[in-house]
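Participant: In the numbering used here, the protein residues as written are 15 to 115.
Don't be surprised by glycine CBs; every beta carbon is placed ideally from N, CA and C.
Just so we're clear, the structure is a prediction, and the values are computed from it rather than from any experiment.
1. Under the DSSP definition of a beta bridge, which residues are partnered with residue 80?
2. Give the straight-line distance between the Cα atoms of residue 43 and residue 77, rounded to the nearest whole angstrom.
3. Which residues in the same chain as residue 47 place their Cβ atom closer than 7 Å to its Cβ, once the five residues preceding and following it in sequence are excluded?
4. Where do the N-terminal and C-terminal ends of the alpha helix (DSSP H) with residue 48 fall, by residue?
5. Determine whether the beta carbon atoms of residue 35 and residue 79 lie at a separation below 9 Å.
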């Protein structure tokens, strides 16, 4: 899979963000947990923002959080699958070796 351009990945992640809530924690406590899970996921998956997003949600779910939109993983996978790839007919340029000149 090819890496996503930064603007495309930012738009993809913003569109797939879900609200998380915890019934017994204050807003400040929830923000601390969200920041910790997000920074850990970004550090672990720094080359793949989609994997970082899904890992952060998994971390929050392990801490007892509930997602506002439970289908985030399916929506992210669908959005990534719809990204166009290079045409199959494209052939890379061939540079002749010195012996072929």
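Facilitator: The answer reads as follows:
1. Indexing the chain shown from 1 puts residue 80 at position 66. Paired residue(s): 35.
2. For the purposes of this step, residue 43 is identified with residue 29 of the chain shown, where counting begins at 1. For the purposes of this step, residue 77 is identified with residue 63 of the chain shown, where counting begins at 1. Their backbone Cα atoms lie some 12 Å apart in a straight line.
3. On the chain shown, residue 47 is found 33 positions in, with the first residue counted as 1. Here the set comprises 74 and 77.
4. As a working note, residue 48 is residue 34 in the chain shown. Unbroken alpha helix (DSSP H) run through residue 48: 41-58.
5. Position 21 of the chain shown, counted from the start, is the residue given in the question as residue 35. Position 65 of the chain shown, counted from the start, is the residue given in the question as residue 79. It is a contact, given that the beta carbons lie within the stated cut-off.
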